[in-house]
Each structure stands twice: as C-alpha cells, then as structure tokens.
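In the working numbering, the protein residues as written are 28 to 279.
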C-alpha cells in the first residue's frame, strides 16, 4: 500500500482497540481516507467501510482500492500579456516538481494558495482588476493523466492620482513619510509600507493607529481611513482620515 495500514487506521480514527464505536466517525472515515489518498495523487481511490457486531463488540473493516496514480502532463496559463508564463510558473510552489507541475500531482489546496500569490503580484504591478483562475482540470481518457489550465485576465495598469492625509495640521505633517507619489504605478505592497510608516510616526508621538485602506479606480468613491484606537489618555483619542475625495487611483 502507498499509505501504511497504521496511518490509514489513524486517519479513520480506528487506531486503538477497545474504543467506543461512533457511527458518525465511522461514516466520516471513508471520506477522510479517500482525501488522504487524493493528496498522494490517487484521485480515483475507492474506500469502503464495513462494520459487524460480534456480541458486545463492533468489528470495523476498511477496504481500499488505490487505483492508478494520476499525474500532470500539462500546466498552462492563458490570457496573460504583460507577465510572462515563465514568471507566473515561477510563483507557483511546486515543492521541487512534486505538486502542480508536469510529472507531479495536482494539489488543489496548493493551487488555491498559488493563485493568491499571483494575484498579489499583479496588484504590485498596478493591475488591481487582474483575475487569475479558477483552475480548469481535465482528466485523460485512461484516467492516468491530468492537465491544468489557468486563465488570466490582467486588465489595465493603474497609477496614483493623489494621496493625502486630511486632518489636523499635526496629522498632515505625517504626509512626509509617504513615499508613494502622484503618477507612480499603484503598488499594493508599497501602500502597506507607507501605512506602516504613518503608524510608526504616530506611535513615536504616543498615538496608536489602525489603518484600513480602501483603494478604488476613478469614477467610484475611494477612501483610505486611519482610525486611531483609544489611547491611555482619553483626550488623545482622535481620528485622522485620508479623505474619500482626495485619494484617487487613476488609470494609465
């Protein structure tokens, strides 16, 4: 067996003799074991469970038919224009070719994580409307191979129109720590760094802030709010805002 019997029993929850029989656990065992086999590439594995009462004891049996290991013979991206397919592939964690790569097996969990990483990369290149996925899976007729196709919609590149802190003169003074500038390509990670700089500057003054940015393209309301938590001194509990009218991300 690909997965040792002891591990199968542990996954099913039947690794100890003398335990109390739980019908709900018995029902879940089949799905849990099948899911574990899928993680190893055996997507067609069949798991059956049987139970028989013998006096005051319940005998439990699991029968596993592993079937063929299904490997990938093709992984492609479609629709991308700005970012190359090689660059997109490089952002996927294949664990050395074991997952989501030709010759490896398909991991839906890892693929979902990789799509988030790729989307974040597009946000850092100003393409805030980019959409990556969902993954289209196709299985060969002999049930031994799979192909993955990942659609990409990049959308336009956006640049910063204006960014400002609106509040008291003391709050506006922190504008100097913001490095994003008008005309720069919108970079999400840089926005987060600028937020951190504003927070750090205010913390040096004994004020703690939470930042919840909202960035939207022109034609829609847009705001980035700096909402300050209540400090130890009630009188210093204030709210600074980046006005909805003065934060704009303009298209190229």
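Ideal Cβ positions, reconstructed from N, Cα and C, are used throughout, including at glycine.
The C-beta separation of residue 138 from residue 127 comes to about 6 Å, placing the pair in contact by the 8 Å criterion. Residue ranges of uninterrupted alpha helix (DSSP H) with 4 or more members, entirely inside the stretch 102 to 186 and ordered along the chain, are 112 to 117 and 135 to 150. Contact between the stretch 229 to 236 and the stretch 168 to 178 is not established, with fewer than three Cβ pairs separated by less than 8 Å. Taking every protein chain shown into account, the CB of residue 201 has 16 or more other CB atoms within 10 angstroms, so this residue is buried.
CA-to-CA, the gap between residue 136 and residue 69 works out to about 15 Å.
Scanning the stretch 79 to 105 for uninterrupted beta strand (DSSP E) segments of 3 residues or longer gives 84 to 92 and 98 to 105, listed from N- to C-terminal end. By the neighbour-count criterion, in which 16 or more other beta carbons inside 10 Å mark a residue as buried, residue 124 falls on the exposed side. Judged by beta-carbon spacing, residue 100 lies beyond the 7 Å limit of residue 90, meaning their Cβ atoms are not closer than that value. About 5 Å separates the beta carbons of residue 179 and residue 159, which is inside the 8 Å limit, making them a contact pair. In its chain, beyond the 5 residues on either side, 66, 126 and 127 have a beta carbon closer than 8 Å to the beta carbon of residue 134.
Annotation: the continuous alpha helix (DSSP H) that includes residue 221 extends over 215 to 230. When rounded, the separation of the alpha-carbon atoms in residue 103 and residue 62 is 25 Å. Between residue 35 and residue 60, the C-beta gap is smaller than 7 Å, which places the two residues in contact. Per the coordinates, the alpha-carbon of residue 115 lies some 17 Å from the alpha-carbon of residue 156.
Residue 28 carries a coil assignment under DSSP once its states are collapsed to helix, strand and coil.
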